[in-house]
Every structure is written in structure tokens, then in C-alpha cells.
Amino acid sequence: MDFVQGEIIAIDKPFRMSSFRALAHVRYLLSRKLGRKVKVGHAGTLDPLATGVLILCTGKCTKQIERLQAHTKEYTATLQLGATTDSYDREHSVNHTYPWRHITREMVLDTLARFEGDVEQVPPTYSACKVDGRRAYHLRRSGEAVELKPKTVRIDRVELTRFDPATAQMSIRVVCGKGTYIRALARDIGRALGSGAFLTELRRTRVGDFRVDDSIGFDHFEQWLEAQPLQTAQP
Numbered sequence: 046m047d048f049v050q051g052e053i054i055a056i057d058k059p060f061r062m063s064s065f066r067a068l069a070h071v072r073y074l075l076s077r078k079l080g081r082k083v084k085v086g087h088a089g090t091l092d093p094l095a096t097g098v099l100i101l102c103t104g105k106c107t108k109q110i111e112r113l114q115a116h117t118k119e120y121t122a123t124l125q126l127g128a129t130t131d132s133y134d135r136e137h138s139v140n141h142t143y144p145w146r147h148i149t150r151e152m153v154l155d156t157l158a159r160f161e162g163d164v165e166q167v168p169p170t171y172s173a174c175k176v177d178g179r180r181a182y183h184l185r186r187s188g189e190a191v192e193l194k195p196k197t198v199r200i201d202r203v204e205l206t207r208f209d210p211a212t213a214q215m216s217i218r219v220v221c222g223k224g225t226y227i228r229a230l231a232r233d234i235g236r237a238l239g240s241g242a243f244l245t246e247l248r249r250t251r252v253g254d255f256r257v258d259d260s261i262g263f264d265h266f267e268q269w270l271e272a273q274p275l276q277t278a279q280p
């Protein structure tokens, strides 16, 4: 493999790690192994509390990032109904609670079907969206108010995989296009059910043809790298 000229690989990003930190660790290991600085970029951020497929491009393959970002993505997610948080996931504590015992499986199925197709979605304010050149999450964390405009996203499939009326939890599989926020989808599903909702788990299982089962485990990347035949730096 020639990481200097360019390679595309997928790693399985761990829980509570930013995409940038995961990228930086891989870049450090590559640069140390090759004895020179290696250019590395990622094709689509994953939230720190999300796990799964993170595509990394090295060298000249960083020019393909925009193309890779446009690929269809697939996620599995678990939602807690009856409550919300500021970030729509577990990064923040519950800020409001809502009735949820009226929610039935039939209601859930009918509601999920309404989110398939071209959907208007307001991104989470705790996101990497830019407002006047600054990241929205930076503004929120510094105490500033943030208002983001809705955008059209494509959601091909929202499938219910589990619904537990006793715990007010549900799990879904989502197939979607570029720019879709699953945290925002959870928020909107909760509202459509006459309740609230936030994510308790999120895993990206596929980006285009890159699947999580074929991705390199983050904790095993160094061992994987040691086993690769590499084009090393010339003296």
C-alpha cells in the first residue's frame, strides 16, 4: 500500500472519540511508520457518541473526499422516547420530559413512514454547521444562541427494528443521503409522536460500499498497519 500517494480505508470509530482525534491518531501512526508526514482527511464526521464507519483518505486520495461524502449511508440507532436533551443525544442531560404512554407500535410505524423521501430537516445546534464562519457547537458551548435554517435531505428508508412500550425505547435502521442528521431525525420523530426523543445509541454501519464489518478496528489499527506491505519513504 502507498499511503503517501493515496489510499482509502475505513476504520470503526470508537465511542466518545471525535472524528478528528481518530484521524489524528491514524495519521500519527502512518507518519511514524513511513518516516514522513502523511496527509489524511476524513469523508464525513461522526459525532463523538456515535460509532462505526469513518472513511479516511490519504495522499492524493483526499481529492476524492467530496465524492465519498455523497455516498449513501446506513445507520442503526436507539431512541429514548418521552424526553429530550439539548444535543438530542446523551452528550447532555435531560432537559424536558413528555408523556409517552399513548405511543403504540402502530403509531410508530405510521410516523416513521412520513420521514421517508425528501425531508426538510433543521440541523442540531450542537453540530459542525457554520454560522458566520464559526461552528454552531462552539457558539452553543460558549453560551450563544444559534438558529439554523432547514435544509432538504434524502431519507430512503426508516425501518423499525425494535419497540419496547415498557421502557419507551425504540430502535431503527436508517438509509439516507448526505447531510442527514440522525439526532435531528430522532428529535423530529419524538415531536411527531406527540412526545420527545433523543438518541441513546448511534452506529454508522455503511458508507457506500464500505461496511462496518469490513472496517479496521480503531484499537487494532497499529497491528493492522504492521501487517501491510507498504511503500516506505526513500532515504
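The working numbering puts the first residue of the sequence shown at 46, with every later residue one more than the last. A virtual CB, placed ideally from N, CA and C, is assigned to each residue, including glycine. For clarity, every value in this text was computed on a predicted model and none was experimentally measured.
Of the listed residues the options, nearest to residue i (C-alpha basis)
i      : options                        : result
Asn167 : His183, Ala229, Ser138         : It should be pointed out that residue 167 corresponds to Val in this sequence rather than to Asn. Nearest of His183, Ala229, Ser138 to Val167, Cα basis: Ala229.
Thr130 : Ser240, His147, Ala69          : Ser240
Asp209 : Ser138, Phe266, Leu124, His265 : Leu124
Val139 : Arg81, Leu244, Gln268, Gln273  : Leu244
Leu154 : Ala272, Arg207, Val176, Glu267 : Arg207
Glu165 : Cys174, Glu192, Thr197         : Thr197
Ala67  : Val49, Ala88, Gly188, Arg112   : Ala88
His147 : Arg77, Ala211, Gly253, Arg72   : Ala211
Same chain only: Cβ atoms within 8 Å of residue i, ignoring 5 sequence neighbours per side
i      : result
Glu161 : Ile200, Asp201, Arg202, Val203
Leu157 : Val203, Glu204, Leu205, Ile217, Ile234
Asp264 : Pro59
Thr107 : Gly51, Lys84, Val85, Gly86
Leu75  : Phe48, Val83, Val85, Thr103, Leu270
Spatial neighbours of residue i in its chain, beta-carbon cut-off 7 Å, leaving aside the 5 residues before and after
i      : result
Met152 : Leu238
Ser260 : Ala55, Ile56, Asp57, Val98
Gly262 : Asp57
Ala115 : Lys223
Three-state secondary structure (DSSP) of residue i
i      : result
Tyr73  : helix
Glu267 : helix
Ser64  : helix
Glu136 : coil
Arg185 : helix
Gly262 : strand
Gln279 : Confidence at Gln279 is low in this model, with a pLDDT of 48, below 50, so the placement of that residue should be treated as unreliable; the coordinate-derived value is given next. Reduced to three states, the DSSP call for Gln279 is coil.
Cys102 : strand
Asp201 : strand
Spatial neighbours of residue i in its chain, beta-carbon cut-off 6 Å, leaving aside the 5 residues before and after
i      : result
Leu247 : Ala95, Ala122, Ile227
Tyr120 : Val219, Ile227, Arg249
Ala213 : Leu126, Gly127, Trp145
Phe65  : none
Nearest-angstrom Cα separation, counted from residue j out to residue i
i      : j      : result
Pro280 : Gly86  : Because Pro280 carries a pLDDT of 43, less than 50, the predicted location of this residue cannot be relied on, and no value is offered for it.
Ala190 : Gly178 : 15 Å
Cys221 : Ala242 : 20 Å
His141 : Gly51  : 48 Å
Thr225 : Cys102 : 21 Å
Val176 : Ala272 : 44 Å
Lys82  : Arg61  : 27 Å
Ile100 : Phe255 : 8 Å
Cβ-based burial, residue i [other Cβ within 10 Å; buried from 16]
i      : result
Arg159 : exposed
Lys28  : For the chain, the structure presents residues 46 to 280; residue 28 sits outside this window and is missing.
Arg251 : buried
Asp163 : exposed
Pro195 : exposed
Ala231 : buried
Pro274 : exposed
Thr92  : Going by the sequence as given, residue 92 is Asp instead of Thr. Buried is the call here.
Ala258 : In the sequence under discussion, the amino acid at residue 258 is Asp, which differs from the Ala named in the question. Exposed, because fewer than 16 other Cβ atoms sit within 10 Å of the Cβ of Asp258.
Check: residue i C-beta below 7 Å from any heavy atom of the ligand NAP
i      : result
His265 : As for the ligand NAP, it is missing from this structure, which has no ligand bound.
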